[in-house]
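Trainee:
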Amino acid sequence: LLSQPGIDPVVFYTEKIAPYKGELEIWYQQHASLWLDIKLIFLTAWVIVKPESELPFRWLKGLPERPEYLK
């Protein structure tokens, strides 16, 4: 993505990544709990080992859908 000619990394982050991160932060604030934090710790380790996994989207209901450009 960022290595393609004509794509300014700052603009890409500002226009694409930051809005999605904002959606994730709002979702987290609306669902915050100890159980969610435990799931997030496990899922973080899981996606490090299996980055193609869709497990977070199955376990975390209502999680904002990942945009195509981040898949």
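With the UniProt record's numbering applied, the sequence shown corresponds to residues 1 to 71, in that order. Note that beta-carbon positions come from the ideal geometry of N, C-alpha and C, so glycine has one too. Given the structure is predicted, the values throughout are model-derived calculations rather than measurements.
#1: Which residue comes first and which comes last in the alpha helix (DSSP H) that contains Ile17?
#2: Measuring alpha carbon to alpha carbon, tell me which of Pro5, Val11, Lys50 and Tyr20 ends up nearest Leu70.
#3: Going straight from the alpha carbon of Glu65 to that of Pro5, what length do you get?
#4: Please say whether Trp46 and Leu34 have beta carbons closer to each other than 9 Å?
#5: So, helix, strand or coil for Ala32, using DSSP?
Mentor: So, from the listed chains and residues:
#1: Along the sequence shown, read from residue 1 onward, the residue named residue 17 stands at position 17. Run containing Ile17: none; DSSP gives neither H nor E here.
#2: Along the sequence shown, read from residue 1 onward, the residue named residue 70 stands at position 70. With distances taken between Cα atoms, Leu70 lies closest to Tyr20.
#3: Numbered from its first residue, the sequence shown carries residue 65 at position 65. Numbered from its first residue, the sequence shown carries residue 5 at position 5. So the alpha carbons of these two residues sit roughly 27 Å apart.
#4: Along the sequence shown, one-based indexing puts residue 34 at 34. Along the sequence shown, one-based indexing puts residue 46 at 46. Not closer than 9 Å, so no.
#5: Position 32 of the sequence shown, counting from 1, holds the residue named residue 32. Residue state, collapsed to three classes: coil.
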